[in-house]
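Protein chains in written order, with this note's numbering: chain V, 100 to 388; chain G, 100 to 388; chain F, 18 to 120; chain H, 18 to 120.
Written below as structure tokens is the structure these notes are about.
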Amino acid sequence: MTDTLSNEEFSRYGRQMIVQGISNNRDPIEHQLLLKSSKICVIGAGGLAAPCLSYLAGAGVGEIGIIDDDIVETSNLHRQIIHSTSRQGELKCNSAKKFINDLNPHVKVKTHPVRLTNDNAFEIFEPYDVILDCTDTPMTRYLASDVCVLLGKTLVSASGVNTEGQLTILNFENIGPCYRCFHPKPPPPNTVSSCSMNGVIGACIGLVGIMQAVETLKVLQKVYTKENFEPFMLQYNGYMDQSLRRFRMRKRRSDCVSCGDEREITREKIESYEINYLSFCGSRNYDVV
Amino acid sequence: MTDTLSNEEFSRYGRQMIVQGISNNRDPIEHQLLLKSSKICVIGAGGLAAPCLSYLAGAGVGEIGIIDDDIVETSNLHRQIIHSTSRQGELKCNSAKKFINDLNPHVKVKTHPVRLTNDNAFEIFEPYDVILDCTDTPMTRYLASDVCVLLGKTLVSASGVNTEGQLTILNFENIGPCYRCFHPKPPPPNTVSSCSMNGVIGACIGLVGIMQAVETLKVLQKVYTKENFEPFMLQYNGYMDQSLRRFRMRKRRSDCVSCGDEREITREKIESYEINYLSFCGSRNYDVV
Amino acid sequence: MSQIDIKVEFLGGLDSIFANKRSYEVKVDNTKIVTLRDLIFDVIVKDLLVNPEENYSIYIQDETIRPGILTLINDSDWELEDELDYILQHKDVISFTSTLHGG
Amino acid sequence: MSQIDIKVEFLGGLDSIFANKRSYEVKVDNTKIVTLRDLIFDVIVKDLLVNPEENYSIYIQDETIRPGILTLINDSDWELEDELDYILQHKDVISFTSTLHGG
Ligand SMILES: [Zn+2]
Ligand SMILES: [Zn+2]
């Protein structure tokens, strides 16, 4: 683990380092170094990722990977506040990298300008400690979850449409439930809504992205432990009143084909496309927005 | 009211315009034009204002004033994500203006590089429809509230320290309670904590700033009306579990010296410093951070 | 008591097939409506679901709540309770939420 | 019933003078502890407040909760109830929150 902070880092992170009572009695420097030595990978650089990346970079996460092959468009800018009008037409992952580098040059950013597929998911995820799902389709959510289970990585998963959002932590430290535990069967494709069809209030999805940053900090700084972690889902709604509900969720299912006692999902089956997420989830055309 | 949207604005705001069920049955274009014709003024360009300004600018508020005489420092950047390492040493209001202009050039930004005082508050607030309090001291909170009452402006007020934050709407449409209704007497100065002394988790104060943006949108787009508005306070906490509480608050106090039946606070008394907020709140030295 | 009060909530956009109302207070005779299954099939589908010919399959599939919808009993995943066989109690809050996929 | 359960919460940093605990479950004899005033002065100040010599004035001033602290009874401002004279009920949630000033 990285074992020192520079004077610049002390003044940069000082205000968060003096917050008491959240570090499990760890020394504040050690608590900060846990972030500095962390590597996270964010799938998607859109409405959830924009604030989530901002605050995780601001807080001093050591290394951030960003997977996105989309380019910045006008219709993104009401909610994807790390991009800008002058960067329209650029790859979102590159635009995000510029934002992060200017906010906090201590953060190492690696861009992955590709779509996550059966082929590349293992290779991309492997170097990172924690994966953040900020994507738009059930297909990618099943793929990301299966790969995280097989690689033993915690997945912080968020989503939002309209004025609502959801957030959960999957495969926590390889003991928590995975996406398939919650959703053994995929939803029929005609019931899945996206931001481009249903719309989204920028601030509402932004709030969910920040909640995702807060939960990721708790994972990286070991505020959550195998002993105290309880599966949950947070559900936010912005209108009419703002509300945040916390649902207590199931533990791992012993019959889960991904993380259960008799696992059917293997790296080989994924990489050979024997497991086909498109046919599993149905053939509607999902836009990642 | 501005009465048209350009094609660029249609594609920029399209995703939020198609969100159903929050516009009080208004036409989506009319609903968007309510934002375009709005003028808001934000006191402070720090940890709350950073995300709040981002999403209000992204959403297409027509004109934004920013009052702040501080300069960008390293210790701000973990939470004040609209500023950047390359803009250290610049006035925060200028840095914020650059951010907003690059995110959404349709927004007109006016900077007020001053501290809010008895002298300048009326003149600064007068052109704006809604004021946002993102400051750090009880003094400024009383001043902003008194001036809003006297000018008949709604005040969206937020604050945060450590992992917690609070949010309320004051003097709503000149019928809701003001800051003095909630706090007839100021707190003893030794009991007030600030971000620089007590620390703050960037994402936690950021979340409160986004909640403030959501509430401001409801005010500007007339989702709240004199008929349906009920005084409330939202209280967020980020650790251990993220939670959001909604407290039902008192209505206007008839004996309030600012907004009650027999008002003692006048513009003249404020501008002549007969009302002295510093001696009212006590003499501790408050840093605006 | 034979009459009990149940709060039923439709979140995550599901309210669109329940008259755009996110929350209902229903009174049921719990000599007849005993389990969550009874509530779903004898009350919610019959009294609350709008335009059932079109919307039934958005809510129900294979005689249970369709995949992609989570069911919560007093803010707990119904898998932690008895799912469809859960015995309703006075003042229970039953929530259904569609899983969101926007990002 | 003479014994009632009350949940007492200290928010907005107030937990720092209550052993850093945000939430307490207290059982009180409500033949003796009748009003919120009784709860505050005969239970909270005596049993929960840490180091009263130093911390009393952070919590109490002029025989009431000090300015800058809001008191909530079941998530409602105590001004909507009877403030100190409020009659405690079984399962009440009494919350105190310091007003925050960071920005
Ligand atoms: Zn599983
Ligand atoms: Zn007042």
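Note that CB positions come from ideal geometry on N, CA and C, so glycine has one too.
Query	Result
Inter-stretch contact (C-beta, 8 Å, three-pair minimum) for the region 153-169 of chain G and the region 207-214 of chain G	yes
Residue from G:331, G:103, G:124, G:353 whose Cα sits closest to the Cα of residue 343 (chain G)	G:331
Closer than 7 Å: residue 349 (chain G) CB and nearest ligand 2 heavy atom	no
Exposed unless 16 or more other CB atoms sit within 10 angstroms - verdict on residue 191 (chain V)	buried
For residue 152 (chain G), the three-state DSSP class (helix, strand or coil)	helix
Chain V contact for residue 69 (chain F) (CB, 8 Å cutoff)	no
For residue 220 (chain V), the three-state DSSP class (helix, strand or coil)	helix
Inter-residue spacing [alpha-carbon to alpha-carbon] between residue 215 (chain V) and residue 358 (chain G)	58 Å
Heavy atom of ligand 1 within 7 Å of residue 279 (chain V) beta-carbon	yes
Cut-off 6 Å between Cβ atoms - residues of its own chain near residue 271 (chain G), not counting five sequence neighbours on either side	253, 328
Given 8 Å, three or more beta-carbon pairs between the region 217-226 of chain V and the region 181-196 of chain V	no
Euclidean distance between Cα positions of residue 283 (chain V) and residue 85 (chain F)	9 Å
Rounded straight-line distance, which links the Cα of residue 200 (chain G) to that of residue 381 (chain V)	42 Å
Exposure of residue 385 (chain G), with buried meaning 16 or more beta-carbon neighbours within 10 Å	With a pLDDT of only 44 at residue 385 (chain G), under the threshold of 50, the placement of this residue in the model should not be trusted, and no figure is reported.
Cβ pair residue 264 (chain V), residue 300 (chain V) closer than 8 Å	no
Residues that DSSP places opposite residue 269 (chain V) in a beta bridge	V:254
Closer than 8 Å to chain G by CB, residue 96 (chain H)	yes
Span separating the alpha-carbon of residue 29 (chain F) from that of residue 297 (chain V)	12 Å
Simplified DSSP assignment, three categories, for residue 129 (chain G)	helix
Per-residue DSSP class, three states only, for residue 228 (chain G)	coil
DSSP-derived helix/strand/coil call for residue 94 (chain H)	strand
Any C-beta of chain V under 8 Å from that of residue 173 (chain G)	yes
Beta-carbon neighbours of residue 340 (chain G), restricted to chain V and to distances below 7 Å	345
Within chain G, the residues that residue 92 (chain H) reaches when beta carbons sit closer than 8 Å	344, 345, 346, 347
Closer than 7 Å: residue 247 (chain G) CB and nearest ligand 2 heavy atom	no
Where the region 258-282 of chain V meets chain F: residues whose CB sits under 8 Å from a CB there	258, 259, 260, 261, 263, 264, 265, 281, 282
Chain-ordered neighbours of residue 101 (chain H) on chain G, where CB pairs are closer than 9 Å	In chain order: nothing, as chain G lies at least about 15 Å away.
Burial state of residue 334 (chain G), where buried means 16 or more other Cβ atoms lie within 10 Å	buried
Residue-chain proximity (residue 107 (chain H), chain G), Cβ-Cβ < 8 Å	no
The region 173-185 of chain G contacting the region 109-122 of chain V, beta-carbon criterion three pairs below 8 Å	yes
Whether residue 113 (chain H) touches residue 88 (chain H) by CB criterion (8 Å)	yes
Any 3 or more C-beta pairs closer than 8 Å across the region 52-67 of chain H and the region 24-43 of chain H	yes
Straight-line Cα distance separating residue 189 (chain G) from residue 55 (chain H)	54 Å
Closer than 8 Å to chain G by CB, residue 28 (chain H)	yes
Within 8 Å of chain V by C-beta, residues of the region 110-125 of chain G in sequence order	110, 111, 112, 113, 114, 115, 116, 117, 118, 119, 120, 121
Heavy atom of ligand 1 within 7 Å of residue 69 (chain H) beta-carbon	no
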